[in-house]
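So in this note's numbering, spot 64 of the sequence shown is number 261, and the numbers just go up one at a time. C-beta atoms are modelled at their ideal positions from N, C-alpha and C, and glycine is treated no differently.
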Amino acid sequence: MVHVLSSRILLRPTDPERSRAFYGESLGLPVYREFGTGPERGTVYFLGGGFLEVSGRADSPPVPSLALWLQVADVHAAHDELSGRGVEVLGPPLREPWGLVEMWIRAPDGHRIVVVEVPADHPLRHRP
């Protein structure tokens, strides 16, 4: 078995500055570290238990199947905050049949991000 010490999602945006503005300012993700120089420098953001690295440049947006899952304490507060910052919200928070409260937003290159609240009564909060 591979012993994983750390992990991160690598994102190669078509417009690195626009993506850094989205993740750092619009979403308000704190910076873990930065490296390199120039417009294609790298920025690594904290994502709760993981990291998101925005670095380099892609010729085309990522595949449509790419999605990020971000858990927050209060998805309704996140909705108000992100809407106020001009983030494209694809749908308001909704309690899904599986019990999570989810809201979907769109990132600059078009991939979708689900912002999730795990309610206090959800099985994910309880151990058997």
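| Check | Outcome |
| --- | --- |
| Every unbroken alpha helix (DSSP H) within the region 240-318, with a cutoff of 4 residues, ordered by chain | 272-281 |
| Proximity winner among L297, W301, D212, G283, relative to P289 (alpha-carbon distances) | W301 |
| Cβ-Cβ distance between R254 and P305 below 8 Å | no |
| DSSP three-state assignment for E231, whether helix, strand or coil | strand |
| Alpha helix (DSSP H) segment containing P214, residue limits | Residue identity check: residue 214 is Glu in the sequence provided, not Pro. From DSSP, the alpha helix (DSSP H) with E214 extends over 213-217. |
| Contact set for V272: own chain, Cβ-Cβ below 6 Å, skip 5 residues either direction | P290, V298, M300, V312, E314 |
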